[in-house]
Structure formats: structure tokens, C-alpha cells
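First up is the structure itself, then whatever we jot down about it.
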Amino acid sequence: MRIVATDCGSTTTKAILIEERDGVFRQTFRGEAPTTVEDPFADVTLGVTNAVTELQELSGYKLIADDGTIIRRASVNDVDGCDMYISTSSAGGGLQMMVAGVVREMTAESAKRAALGAGAIVMDTIASNDRRKPHEQIQRIRELRPDMVLVSGGTDGGDTKKVIEIAELIAPARPRPRFGSEFCLPLIFAGNKEARTAIERIFSGEGFALSIVDNLRPTLEREHLGPARERIHDVFLEHVMAHAPGYDKLMEWANAPIMPTPGAVGDILQTIAKGRAINVVGVDIGGATTDMFSVFGGIFNRTVSANLGMSYSISNVCAEAGMDSVLRWVHLDMDERELRNRVKNKMIRPTTIPQTLEALVFEQAVSREALRLAYVQHKAFATTLKGVQQQRTVGDAFKQEEAGKSLVDNMALDLMVASGGVLSHAPRMEQTALMMIDAFEPEGFTEIAKDSIFMMPHLGVLASVNPRAAMEVFEKDCLVILGWCVAPRGEVRAGKPAFEYTLTRGGTTLAHGQLVGGEMRLVRFALGESGTLEVRPEKGLDMGAGAGKPISREVRGGSVGIVFDARGRPLKLPHTQAERRACVEKWLKSLEVYV
Amino acid sequence: MRRMVPMWIAIIAGFAMLLSAFFPMTESLGETFGDVFNVVAAIAFILGAGSLAKVNLAKVSRRDPGWGFAVVTLICFTITIVVGLGKFGVPQNPQFAALPWSGEKEAEGGAFAWIYAYALVPITATMFALLAFYVASAAFRAFRAKNLEAILLLSTAFIILLGRTFAGVVLTGWLPDWASGLRLENLSVYIMQVFNTAGNRAIIIGIALGVSATSLRILLGIDRSWMGSGD
Amino acid sequence: MQIILSVAAARMCAATACAALCAPLCASPSASPPTPPLSVTAADVPWDAGGSIEISWVPAANLGSATTWLVERSEIGADGTSGPWVTVAEVAIATTTTTAAKLSHTAPYWFRVTAVGSDGSSSPTNSPAHTTAHRNFFIGEKLPLFSAILTVCACVIYFILAARKGRPMKVRRIAALEAIDNAVGRATEMGRPILFVAGIQDMDNIQTVAGITVLGHVSKTAAEYDATIEVPTSRSLVMEAARETVQASYLAAGRPEAYNADLIRYITDEQFGFVAYVSGRMVREKPATCFYMGCFYAESLILAETGNSIGAIQIAGTAESSQLPFFVAACDYTLIGEEFMAASAYLSGEPDQMGSLKGQDAGKAIASVLIIVGVVLATFAALSPGGFATAALGALRGILGS
Amino acid sequence: MAKAYTPGLKVTARTTYRVRRLLPVTGDVRVKVGELVSAETVVAETFLEGDVFPIKVAGMLGANPNELAALMLKRVGESVQVGEVLARSKGIFGMMKTEAKSTAAGTLESISDSTGMVIIRGAKTPVQVRAYVAGRVAEVIAGEGVIVETDALFVQGIFGVGGETWGPLVIAVKSHTEDLREELIVSSMKGAIVVGGARMTAGGIRRAREVGVAAVICGGIDDADLRDVLGYDLGVAVTGSEKIGITLLVTEGFGDIAMAERTFQLLLAHAGKLASVNGATQIRAGVMRPEIVVALEARGSSEIFTGGATAGILDIGTAVRIIRDPYFGFLGTVSALPEQPAVLGSGSKARVLEVALESGERVTVPRANVELSST
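Protein chains in written order, with our numbering: chain P, 3 to 597; chain V, 193 to 423; chain A, 2 to 403; chain W, 665 to 1039.
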């Protein structure tokens, strides 16, 4: 079995070759080439051909035919050609959607979840309570040029008036699609089924291509995103892709439907979380945006933080977090005015890379803040359903829990996957690990891994046609295990004992020690090793078994090892600059971050 | 302006009432404001009746579903007003026998009193009787031994329930005298007197403080939300 | 505080009972006629509203057959001695003072005391005492209450000022109030109305005011969500207040055209008539959300259970401690007592108002300290009566004015 | 690979500049192919569909949406003024009628019986597209707009704010290293495109806005000054629609940095001529850089340029500009292109090149950190 997979990103098209050798799927070669979706080429397949040509050169197999298409081999015994070609795409800015619902926190949020889960970028969410006046909403709808609109609202048998009202705002506003002027704007209705006839009437013959699917919130107690997500994928292929240059050809080439890149990443993470029964957070920090994925208790969520990124949006990260927040992670002397100008220079020349250590330290400080802010947004979005009736008994008299609690629980988190330039191209793995720890503040035992060459999108599509291959490649080649973060929840007292650890393997103690509040320590534990780690936290500190209770867990080694973090959660840094710098410097030193 | 005037009325009246409780010379001021309130409430009653009439008339006018009930309401409303104001069947007040209509409208033997005694009271009693059913249904649903607190509450409730019935006496009557405190009837009294009272008072103290702070906020004009939110 | 009071009350009861029992024993059983008291004095009760006079008399050495004293007053006539006499009190023979209350503070009163025996009455005191009740600047016995109020107010004002200076005020989350958006949103999505009941008392009840305050917030949210809110009221004045509030909210939310005064309607003052209407309405209209915020009595459970049966999200708040259990059992969220009172401050989120909540907490802290001190003292006093603890308990009781 | 594609900004003394001038929606083109136009000539015009004003009339009347049609006094298609009565309720037995008045002027577009909403469409707003540069209409795209072509001096900046403007080119400084200070701006510069040398100072910008300068072009700008001008901290480099009354354009970057001498000399050579400036910058997929265009008399040029991003091939001897600290803004020529990636000071491995700076010093920098200094 030989599979060629490509991901047509907005700037580069990445191709990988996956081969089955001795019954095991491995990723063997990779190649890349600039994406060719815009003028002067305006044909995405050129870039694909170029990237696959690189695979061909590296592997020695002939993969590209003389006419530029990908060769399929007739039998698995042939030397040349591949058996399958799959692709994802985020070229041309990805799939951009506008969603609408009745209440922002309820059906509109479900609609947003459906769109984000399908891999779209949500340009705006229209709801009857979004604090905009109807004419302002109309103005906004007219300004946007989405690829697709998803309208939801009302439970089945519930509100029809406001759903129709929103439809009545969208119809006269006539949003124009991004590509092609004669093209009908695809509009998916996934709301109250009683409103369907009215919706059909409103959008008939108005330049809309209406399709109706099951309500994504049949009752407030239940969210049913499947049909809406699938329809988004279908519409993406039928309407949006068909109008992007060269995609008609690409769709013919591919053996599986072309997926939006983030949708595919979400799919692979869901597959992994389900397969290993764990909670996962994945992040892809890009130049302009940061994508955050999580699977907690089997529930998948994705958010796109549109203006948190490391190049195009770097200035926005600094503005949103504040320069003080960024500089708290920096142990070196830096001039703020100079830094501000540098940030802006990076923004206008986004392709540059840090040359000096100082520049790297600063860029990694910015990335911590970008990740932290994106995670805050993610936590706020990934919640239990809102608007649910609570059945109370006398037992609840003391704690009346609210609906809409965040699903994200750092203590329950098992695996963090880092990807994106600043994380995966950091010169030292320790830097990636520490950036993740500082930004996400994981609690208890958390494994940290990075996506070696951003293979997750390819594997996401692969999972839809060959889940075994996707899982195997993911575990063996996609993930680079960095190690573990072991940190107690609770406030620590500086200098006072925080917890004790013992790492054993088959009865032999490999490492033992104690950490005091505010300390960090790295215990090297090489890739391929495994052992049992027992931790005894002090009173008031929780490692996952409850405050003050010892806990032990199997751990695997990684290229960094085990990071013990006794800084306490929530993470607090000293207030004065001098103390803070000393602290940060101590941590950097003990983790051998910058050597 | 629209907010300042009511705010100042509230502030002045509130302070007057407060002062009159402690300072004897301001007593009459407090009484005056009390009277003013009654007058305002009485006038507001006209608005209330007006609202009632308007809503029901509109219902009839639009032939809304169930408009027949609105007609019944309006008829009863009119009858009661006429009967009450006209003092039908009200015997003369013996003290002022010479004056027509001197009897109290609620006086025994009058039509109004009849409506009260033979229509309102039974209907009210019916509604009240529903309560027994609701207590049972609420208790049935709410008392689930889900966690430790619930179990504690449930067992306490059980003791009280048994202690208040003969079952309690029968069940634990065999306990010797030195352990009589453990008899269900005594236990239930003890729980009510000690735990219940203590808990209740804690709530009452909290409420009292809450009331004073709320009043103070209104008196100081810090809390204006009772006049509608926003500024 | 209350516990100390009850202990004190029990002790006092015991004392009086004792005295009553002793009285017949103390009195001489001789058959001689009752002897009038030697002299009578009348004195204005200091620090009162001017309505009472304290009368005391000196009994003769030999009381004769007297068993009770009859104290009378007169106010008509130039010297008041001619009557008519009105009974002030009839007291046991062991007592020598009594207080005449509910008097006018504008004219003098005359008092005479007669010893009454089983065999008839003595002559009254020959020289009735007279005095005028003075209306004082302040009612002395309310001093503890007054100082308690002042203390609480001082705390509240202090924290308000502190909050204005920018001191951060952290207030714990109140789930019931955080749930308002959820509850209103639910009604919007389900296309059903919101029902708001502000209790069954009039606007002079602070709970009703607190309820109207919450209504202001709920209706603003409803206006933003464009949900329908119905407010049946059981008092006309409450209806007017609610209309003002809701209209202001709709205006503040920028949707004045959506305000419909007819949805805020007066039903009846009659408790169960009101309940019948509201529960009937609930069953027919099936509101998705019900709020009960105010003073409730027996209807609390009828409303809450009806609401529960139609599957509504219910949020209740009341300071009627007897109704709280019903709400807790039948509603999704309940504001318990002080939480309900704190609701408006919490919802406003203004530092001033948050500060007032902190002040309230300070008051609570003071009350807690007093309770603990009192309980400890009462315990010691019970263990070793007459010791230091007893004296201290007495002193504390004196300070608290009981 | 001894050669690599590297981005650069276009600075050229003469090119055939073609610009698409398109309407946002279809409309009428006012010029013909071959017609000579000036920067201000209106080349196309149309009317934008009016704004939409929804009014919840049923709610105002307290009526059910399905009764609304019967209560409407205005019909679909009728024109409506602000304050005009749109509908009247039936009231209670004919009394207590309420009226709903229009809050917007326009044409009644629709009445909804399911929501009780009436939609009023406001008057159309005219939109005109001007030529922006003086030149010849090379092509007419029917209903959409035109392509204007001219021989021009063309300079791409790195970053700008503010939209399109034009005016005479005025050089305010003596050399390309001189900051544009307040006192260099004089009142005669009203409506002009003012060229400074190095950084535009806060005072200089303020004075320029007071005087009414159309655009300021300099080598650099301080981030803090930009924030003051805009009133907010710019997060994402998508600009062009700011309403600040002036267009600012920097050719090199942020901070104290001199304009490239060649750029300065080119602009100096055309002082007094009419220049068109667009500050719009968009650094995303589909890069857009700000530009300065000075139309020249036609002489024909081999190269046709249509804007957008440019890229060139990097080779030994190529003139480059270093665009990242620690050598930010330095100019030089490529002196070596090592094949193997090298470890940088930061610890990263990257492909590098060696630059011989103007000062004679040779430095090694990552290939990603240089751009072609002019093409």
C-alpha cells in the first residue's frame, strides 16, 4: 500500500508518502512546493504536482505522469505509482463561513461549533442578542463575503419567529460570495423544522443555494451537529471548491473527498482520543491565526483565534496581551520601544526568522501569550450546553451548578500536541515543552508531544479511508514525544516542600527527589523508556488523586524527559521585575532551555 | 429628571420612616408617609382595575382563543363592583341608622359578604387544598439520596416525619427512660428546636443584614435599579 | 444573638414565676383590711417617645389583707384628683412599680394606687402623684438596635468608599443570577414566554422592591434577546412599578418598540385567586422560564411545582425562610435570603454596590463574633452559675438591650 | 540550489503601470478605450443598493404578525418618509388604536406575516471610481470598470495607512538620512505628497495633518507615533480604509531607518510632478503593498507591471536589504550563498547567506531575513 497525501496550505503545498512495510504503515518521504492557487498560476494542481515531484525525486518511485497527474499503480507489486491519493486544502484563506442562530450562547453557538468543527473559519455570528441593531446586522452581512452561510435557531417545535426574522435579514442583505459573481451563495438551514417552509420561501430564487438538514439543536438539552457538519463538507466540495482554480481537477485526482485542513486535524485528534480513551488538546499556531482543538470526555471542540499568530498577527498578540505580559517571560534586558518597532517589522515582513538568541527569546515569549490567549478563548467556547433545565434534589441545595461550564479541565488533560512554526521549529525541544507548559498550565500528569512536520491534516483524511494506517503513522511518525509535565494544582508556598517523586522501573529506582514551591526540575528520561512515576504532593496540593493524596502513573520517555513543575496552579509570577527575572532565569536554567 | 424625582421621594420618605422609629418628634412624619403610601396604593388600584378590564376587553375584541373566559371574568368583575359599591342587602349600621348605606359593605347578610363567604372562601380553600398534593409530589422528586448531604437531609426529614405521627411513639416507645431522648417524638422536637432554629436564625440574621444594606443602598441613591435598569 | 435571648428569656420567666408563687406566701394572711400605700410618685420614663410614665409607691409596713395593687390614672380636671379614674394596671402585691403606657405627652396625668384585698379595697393613696410624660429626643430602649444599624451602615459606607477608591471587591458567584441569561435564552430558543412573579406583597415590602430590581435585569436581558416577558402582579402598585422598570429596561436595551405594557397586568389582591391565574396561565402557555422573586407564602410550592411540571427553568428568590425549602426543592436555582437581597448589587456589578455587599459581610462577621462570645459565656454561666461568666453574660445582655 | 526566490519591493524608474479601476457592483463605465484620463477623472460610476431598515411593526402595534397585512396603511413598493404612519391597529372595539410610524425613509420592500417585520430599503448611494493615475484607458471591462495604463515611476513601500490620494511631489529634506521634522513642513505643502528622508517624527506628522498634506512618504515610522496617529495599536497589517485625513507611507520599516538612497534619488528626480499614492497595505495571502506612482510621458517600456507582490532570484552580487535585527535595514550585496544550513545565534538551523555590507563588513544572515533591495 502506498499513499500520497497533500495539504494545500495558503503558502505551501506539503506532500507526504505513506508506505506499508512489513505490515506496518510508516511515513517515508516528504516534499513541498509553493501553493499555486493565485495568479499568475491559478491552478492548485501545479503546486501539488511540484510537491509530489519532490517525493518522486526523494523516493525514487515514479509518481508523476508526463501530463502532470499522479500515477496510480495497477497492482501493489508495481514499482511506480501509488495506490491512493488524498488531499486537504486551506488555500485561499480556507473555508470562510458566516453562521446565524437565535441566541448567541445557544443555537448560534451550536452553529458556530458545527462550522468550526467542519474546519471553517467563522467570520461572524449573527444572533438576535448579539447587541447589534438589525440594520447593523444587515450592514455586517453585506460587508462579509462568506463562502457559505449556516443558519440555525429554535429548537424543534420552538421559536420560529426569530429564525425567520434572521432569514429575513440575510435575504435582502444578499451577501455576495467570494468567488464568482454568478455563483449562488450556499446556505444551509439547520434550525427548527417548523420553520422550514418559511425558510424555503424566503431563500427561493434570491441567488441562494439552500439546503436543509436536521436541526443541530433539536432540544436545548441535545446538540446534533453531525448532519450539519457533513453538509458543510458536501457544500464545500460542490460549491466552494468547484469555484477555486484547479480544484475540479484536484477533486478528480483524489480518492477521498478533499477536506478543509483544520477539519482533518480535528478528525485525527478525535480518532486518537477515542482510540486511546484520553483527553487531548491540540494547537496549531500559525502566522495569522491559532487553531485550538480539544477532545474532553469524547466531546470535540475547535476554536480559531483569528488574530493570534506569530507573524501577520504578532503585533495584535502584543496589543491584546499587553507588552508587560509578554515581557514577564523574558529574562534578558530589552528596550520596549525597540521591541515594539521590531514587532511591527515582523508584522510587515512576516517571513523573517529570529537570528539572535535575544530575538528568539522574545518571539517565544510572544508565543506563550498567543497560546495562552487562544486557550482562554477555547476554554470559554468549549462548554457544556447552555439553556438546559437542571433537575434539583435536596442534595443540590448547597451547590447549585450552572449550565455552560467549560469542558476543558487541565487536570483531566492527558496529551497536549503542539504544532505550528514557533513550536515545531524551536531549536531545542525543551523550548517547545516549556512554551506549552507556561501557556497551558497543565495540571497533574500531562504528556507533551509535537507534530513533527505537520502531518495531522493528511492523517485526518487518511483516517476517513484507512483508520489503521492513520493511527499507526500518527503514533510512530507524526508525534514526537517530548515528555511529561508533572505539576500540582493549588497554591504553593515559595521555598516550602511541594511534592516528592519516585521514578521506578521493575523495582529499581531511577530517580527520586523533592521539589519546593516555585521550583522546576527536568529529569531526563529518554525516548523509548518507560517506568512508573509516583508523586506525593503536600497537603493542599492536588496531583489528580485529590489534595495531598499520592498518585502513581506509567510514563513514557521523550526527547525532553519529565518536567516537574512546582510553581503551583494557577501560575503566578513574582510582581517585581527583578524577582521575576531571577525566577524565570532559574526555570530556564533548570530545564536547560537556552544553552 | 425622570429618575431624580422618584429617587428623592424614596430617599426622603425612607429617611423619615427610619428616623421616626428612633426619634419621637419625627413620629408624625412617619405616619404621614404611611398614609401617603396608602393613598397612592388606593389610586393605583384604579390602574390595576383598568389594566384588568383592558386586557380582558381586548381579548374579547380580538376573539382570542378562550375569550369566553374573559367575558366571564368581566361579568364577575362588574357584578362584584356593583354589589360592593351598591352595598346590596347590607343591613343598616345601628349606630347611624338614619343614614342610608351606612352599613359596612362586608357586613353579615349583605350580597358582598355572601359572595365572599359562598364563592371566594370555598374557591380559595380548594386552591389551598392543592398544596397537599404539591408537597407530596415535590418531596417525592426532591428527596433522593444522591450524596452525603442529601442522605443527611433525607434521614432528618424522616425522623421529623415519624416523630410527628403516632408511628414514632409506637416505634421507639420501648426505649428505656434514660434513653428517652432518642425516642422519635423527642428527637424530632430536639431537631426542630435546636438545629432547625439555629439554621433558621442564621438565615434570618443574613436576611436582616441584607435588608439593611439594601435599604441603605436605596436611601443613599446608590441602587437605582428599582426604577428600571440602565442609566 | 437569638440563642442568648432565648436563654435569657427562659431565666426571666423562671424568676417571675417564682415571684408569683411566692407572693401569696409572703403576704400576711391576717384579716385586717388592706392598707393603702404610704406615698405614690410618678416619674416620666426617660428616653422614650413620651407615651409612658413610671409609677412607684411605698407600701405600708402592714399591708393588711391586700393581695394586689390597683393603679389608676386621671387626666381630666384642673388638678386631676377628681377623676374619672381609668385603670392603668392591677399588679401583684410584691411589686411596687408599674408603667403607664400609651399616654399623651401634652397634658399631665394624675395617678393613685389602691390596695385591693380579698375582702375589698382600701382607700386609695390620699395624695395622687402627677406628672407629664415627656417626649424625649430619642427612644432609649432602641439604642442597641440603633447602634447595630449604625454599625452596619458604617461598615457598608466604609466599603462603598473603599470600592470607590478602587479597592477590588470580590464577590462570590451566585449561580442563580449567572443563570438568568441561560434561562432567558432558553425561552427565546423555545419561542415561549418568560413568567416573572414579584411576590404577592405590595411595594412597601423590601422583598418586592428587591424582586422588581431583579425584574429590571431580567427584562433588560429579555429585551436584548427579544423574548416575551409576562409579569402578572397581585398589587396595582407593583404593576405600575414593574411597568416603569420594564419600560426603562427595554429603552436601555435599545428596543423601546418591543415593550408591551399589557403583558404586565394586575390580576387580583386575593392570594389564591392570583395563584389560580398564574398556575393556569403556566399550564396553558407553558413558559420556558419562570422567575419567582419576592415575598411568597403558601403559593410558593404551588407555583414552583406547576412550573416544574411544565419543564420550565425556574429561578426563585425570597427572604421568607419558611418558603425557601419549597423553592429549593422545586426550582433550578434559588436565591436564599441574603443572596436575594444582594441580587441587585451583584447584577449591577458597580463597585459602589459591590462595596455595600462587603459591608454587609462585615456586619455578618460582627454578628458571628457576638454569637460565639454569647454562646461561650452562656455555656460557662450554665456550668458555674454566679461566676464571672454570669456577670459577663449579664453585661452583654445589657449592651444588646435584652 | 545556489539561487533562491526572495521577496522584494519594486522600485523602478520607468515601467508600464497598469491599474484596474473597478466598481464594487456593476454599473456604467464613463470612458472609452484609448481615452486619456487624469487622476481625478471619473471612469465608472454606479449606485449601491440602499441600506436596509427592518421595523418590527407588529410589535409596535401589539398585534399578531399574521394580522399585519390587514393593518398596513402602506403597500409594498410605496415610498415612506420618517415619521409616516405605516400601520394602525384595530384597537379594542374600534377604540384605543395605536399607530406604527416609520423610523426610516425609503421604499417599503417587504412585509412579513411570520415575524411582523417590515423592511424599508433606503435610497441608493452613488459610487464613483476615479482614474487614480493619469494615463490612457487600456481596456474597458463592461459594467465593471477599466484598466488604466501609463508609463510611470513606480515605488512600492513596505507599509502604509490611509487610502488613495494624489498631488504634486514635494521633497522636504536634503538627504535620505534626514528625519522629517516638524519645521520642515510648511504651509505651501497643502495637498502635496511630501517626501521625507528617514523617520517621520510625531511632530512632523502632526504638522503635516495641520497643514493639509495629502501624503507623507518616509523611510520609517516609530510604532508609538503610528499608534498616536491611528488612536489604537494596529494589530493586523490590513490597512487603507483609515479615516485619518492623511496617507502615510514608509518605504523601509518601523524605527529609525533611512530611505534607500536609490528610492530617494528617484523621487527627487521627479519632484514637482503629480504623484498618486495609495497607503493600502494587506499582508496576508494576496499581498498588497502601498505604492507611489508618478505618471511619465509615454515612451513605451518593455516591462508591464500590475502591482502585487514581487519576487526575484537571489544570486551572488544581488543587492539586498537585511530586514531583521540585528542588522535591520542594512544594505549590501550577496557575497556567498552557502549550500548547507548553518546554526544561528538563536540555536536554530537555517539556510543562510553572506552579505557584504556597504561598510565593507561581511555578515551572515538567514536567507529569510533579506529582501531584494530594488528591482
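By construction, the Cβ of each residue, glycine as well, lies at the ideal position given by its N, Cα and C atoms.
As the structure is a prediction and not an experimental result, all values here were calculated from the model.
Excluding the 5 residues flanking residue i on each side, which residues of the same chain have their C-beta closer than 7 angstroms to its C-beta?
| i | result |
| --- | --- |
| Asp216 of chain P | Ala192, His226, Pro229 |
| Glu22 of chain P | Met3 |
| Leu529 of chain P | Ile483, Gly559, Gly560, Ser561 |
| Cys27 of chain A | Confidence at Cys27 of chain A is low in this model, with a pLDDT of 44, below 50, so its placement is unreliable and no value can be given for it. |
| Ala24 of chain A | With a pLDDT of only 41 at Ala24 of chain A, under 50, the local geometry of the prediction cannot be trusted, and no value is derived from it. |
| Ala787 of chain W | Gly714, Gly770 |
| Ile207 of chain A | none |
| Ala256 of chain P | Tyr87, Ile88, Ser89 |
Tell me, which residues are paired with residue i by DSSP?
| i | result |
| --- | --- |
| Pro539 of chain P | P:Phe501 |
| Met170 of chain A | Answer is none; Met170 of chain A lacks a bridge partner. |
| Tyr267 of chain A | A:Thr234 |
| Val124 of chain P | P:Met99 |
| Asp286 of chain P | P:Asp293, P:Ser421 |
Leaving aside the five residues before and after residue i along the sequence, list all residues of the same chain whose C-beta is less than 6 angstroms from its C-beta, in chain order.
| i | result |
| --- | --- |
| Arg333 of chain V | none |
| Arg375 of chain V | Thr364, Leu367 |
| Val46 of chain A | Ser53, Glu55 |
| Leu412 of chain V | none |
| Ala1 of chain P | This structure leaves residue 1 of chain P out entirely; chain P is present only between 3 and 597. |
| Met864 of chain W | Leu844, Val880, Cys882, Ile885 |
| Ala177 of chain A | Ile316, Tyr334, Leu336 |
| Glu107 of chain P | Lys388 |
Go to residue i, then tell me how far its beta strand (DSSP E) extends in each direction, as first and last residue.
| i | result |
| --- | --- |
| Thr357 of chain V | No beta strand (DSSP E) contains Thr357 of chain V, which DSSP labels as neither H nor E. |
| Gly446 of chain P | 446-453 |
| Gly770 of chain W | 770-775 |
| Phe295 of chain P | 292-298 |
Going by DSSP, what residue range makes up the alpha helix (DSSP H) through residue i?
| i | result |
| --- | --- |
| Leu376 of chain V | 376-382 |
| Arg891 of chain W | 887-894 |
| Phe327 of chain A | 325-331 |
| Gly867 of chain W | 866-875 |
| Asn192 of chain V | The shown model of chain V, from 193 to 423, leaves out residue 192 of chain V, and the question about it has no answer. |
| Leu737 of chain W | Looking at the DSSP string, Leu737 of chain W is not in any alpha helix (DSSP H), and its letter there is neither H nor E. |
| Ser1 of chain P | Nothing about residue 1 of chain P can be reported from this structure: the residues present for chain P run from 3 to 597 only. |
| Ala233 of chain V | 219-254 |
Going along the chain, which residues of its own chain have a beta-carbon closer than 8 angstroms to the beta-carbon of residue i, five neighbours each way excluded?
| i | result |
| --- | --- |
| Gly391 of chain V | none |
| Gln745 of chain W | Ser766, Ala769 |
### Task
Could you list the residues in the stretch 85-115 of chain P with a C-beta less than 7 angstroms from some C-beta on chain A, going in chain order?
Val104, Val105, Glu107, Met108, Thr109
### the stretch 221-253 of chain V: positions lying closer than 8 angstroms to chain W by Cβ
Residues of the stretch 221-253 of chain V whose Cβ lies closer than 8 angstroms to any Cβ of chain W, in chain order: Lys246, Leu249, Ala250, Ser253.
### Task
Using a Cβ-Cβ cut-off of less than 9 angstroms, give me the residues of the stretch 706-738 of chain W that come near chain P, in sequence order.
Glu713, Asp715, Val716, Phe717, Pro718, Ile719, Lys720, Pro729
### Message
Counting only Cβ-Cβ distances shorter than 9 angstroms, please list the residues of the stretch 129-147 of chain A near chain V, keeping chain order.
### Response
Arg136, Asn137, Phe138, Phe139, Ile140, Lys143, Leu144, Leu146, Phe147
### Query
Which residues, in chain order, does the stretch 157-184 of chain P contribute to contact with chain A at a C-beta distance below 7 angstroms?
Thr157, Gly160, Asp161, Thr162, Lys163, Lys164
### Query
Can you list, in chain order, the residues of the stretch 734-764 of chain W whose Cβ is nearer than 9 angstroms to any Cβ on chain P?
Residues passing the 9 angstroms Cβ filter: none.
#### Entry: Near-chain P residues of the stretch 1008-1028 of chain W (beta-carbon distance less than 8 angstroms), N- to C-terminal order
Leu1008, Gly1009, Ser1010, Gly1011, Ser1012, Lys1013, Ala1014
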